[in-house]
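Contents: one structure, followed by commentary.
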Amino acid sequence: MEIVRAQSLFVQADDKPAFEAFAMIFRYLNSVYGEDLSDHIAAANEVIDLLKKGDVPAEQTKGAVAEFLCKLLEALKLESAFRPLRAPMTLGMA
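In terms of the working numbering, the sequence shown opens at residue 7 and continues consecutively.
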């Protein structure tokens, strides 16, 4: 989330979980969009900016961005499925 807030695709080298998560998401999206990935990211950003201003983007643009965001969500789900499980909690019984 820090990457999104900073509007940067850079993570600290010592932040291995964040880097691995980003790498997995990027690989997934890159396999879907290839060299056009940066164009899709830019289009999504433009549509979000328009929506923030209260403007309505063109239907074709909305459809393409909606498809891209669905692929992004698929990548996030995939990434979360590969996270290690948390250790079980021990509940004290009185």
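Think of the CB as a built atom: it goes at the ideal place given N, C-alpha and C, for glycine as much as any other residue. Please read all numbers here as calculations on a predicted model, not as lab measurements.
What residue from the options has the CA that sits closest to residue i's CA?
{"i": "LEU57", "options": "VAL71, HIS46 and SER44", "result": "VAL71"}
{"i": "TYR34", "options": "LEU82, GLY60, PRO23 and ALA64", "result": "LEU82"}
{"i": "ALA29", "options": "GLU85, ALA64 and GLN66", "result": "GLU85"}
{"i": "ASN51", "options": "GLU41, LYS68, TYR39 and SER37", "result": "LYS68"}
{"i": "LYS77", "options": "ALA27, SER37, PRO23 and LYS22", "result": "SER37"}
Mind checking which residues open and close the alpha helix (DSSP H) that includes residue i?
{"i": "LEU82", "result": "65 to 87"}
{"i": "LEU97", "result": "It is not in any alpha helix (DSSP H) - LEU97 carries neither H nor E in the DSSP assignment."}
{"i": "ASP55", "result": "43 to 59"}
{"i": "VAL38", "result": "22 to 39"}
Quick check: residue i and residue j, are their CB atoms within less than 7 Å of each other?
{"i": "HIS46", "j": "PHE74", "result": "yes"}
Distance, Cα to Cα, residue i vs residue j?
{"i": "GLU8", "j": "ILE54", "result": "Annotation note: pLDDT 48 at GLU8 (below 50); position unreliable, coordinate value reported separately. Cα to Cα, GLU8 sits roughly 18 Å from ILE54."}
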